[in-house]
Amino acid sequence: MEREMSGSRHAGLTLLEMMAALAVAAIGASLALPDLGRMVERQRLRSHAMALTGSLRHARGEALRLNRPVFLCAANLKVNRELQGCQPALGGARQSWPEGALIYADQGAANGYYDSGERLSLAMFDGEHVQVFASARQLSWTPEGRLRQPQRFQLKGRSQCLDLMVEATGRVWQGEVRNDCG
Numbered sequence: 001m002e003r004e005m006s007g008s009r010h011a012g013l014t015l016l017e018m019m020a021a022l023a024v025a026a027i028g029a030s031l032a033l034p035d036l037g038r039m040v041e042r043q044r045l046r047s048h049a050m051a052l053t054g055s056l057r058h059a060r061g062e063a064l065r066l067n068r069p070v071f072l073c074a075a076n077l078k079v080n081r082e083l084q085g086c087q088p089a090l091g092g093a094r095q096s097w098p099e100g101a102l103i104y105a106d107q108g109a110a111n112g113y114y115d116s117g118e119r120l121s122l123a124m125f126d127g128e129h130v131q132v133f134a135s136a137r138q139l140s141w142t143p144e145g146r147l148r149q150p151q152r153f154q155l156k157g158r159s160q161c162l163d164l165m166v167e168a169t170g171r172v173w174q175g176e177v178r179n180d181c182g
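Per the UniProt record's numbering, residue 1 is the first one in the sequence shown, and the count goes up by one each step.
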């Protein structure tokens, strides 16, 4: 058996062609990665804002349903993420909510402090990637569903941020993700 070598064609890529294609792909990936990082950060901010918005609306709804004051505070969690209560207020106008938001209905309704068994809901935050700030560590709704004081939350990532505004009526406004977070 003789093989006929004339007229045979080789199919495939040479090493040089594969290296060139790999270089083009690497350049394209290096151009796309910073945008991918910003997109992931933007999505994290939006998901935290949705969780916080849901907690704010749930707290208002519970105040109306139970016809008594309902509170939302900065959650204080143990290392194993078990709830300990509310974070204590810090000095200054900017309060951090690093671990989450706790909704509770104070059984005594006189002191406004969380006691075990009063929890209605808990939303946990990823404090490593998104920081949540507000002017207070605790908000309270009246039995009529009104917030005692309007509130502004700011959610910050590494390079982007997003604002949430809560009116005294309980209405929540979510801003757009932006880069000017000064």
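Even for Gly, the Cβ is constructed at its ideal location relative to N, Cα and C.
Where the beta strand (DSSP E) containing residue i begins and where it ends
i: residue 73; result: 70-77
i: residue 114; result: That residue, residue 114, is in no beta strand (DSSP E); it is neither H nor E in DSSP.
i: residue 172; result: 172-174
i: residue 160; result: Note, residue 160: premise wrong, no beta strand (DSSP E); not H, not E.
i: residue 84; result: 83-86
i: residue 100; result: 100-104
DSSP-derived helix/strand/coil call for residue i
i: residue 57; result: helix
i: residue 40; result: helix
Spatial neighbours of residue i in its chain, beta-carbon cut-off 8 Å, leaving aside the 5 residues before and after
i: residue 40; result: none
i: residue 58; result: 103, 120, 121
Buried or exposed by the 16-neighbour rule on C-beta atoms within 10 Å, applied to residue i
i: residue 55; result: buried
i: residue 84; result: exposed
i: residue 100; result: buried
i: residue 37; result: exposed
For residue i, the residue or residues it bridges with in DSSP
i: residue 134; result: 95, 153
i: residue 35; result: Residue 35 pairs with nothing; no bridge assigned.
i: residue 18; result: Note: residue 18 sits in no beta bridge, so no partner.
i: residue 147; result: 141
Own chain, CB closer than 6 Å to residue i, minus 5 neighbours either side, in chain order
i: residue 173; result: 165
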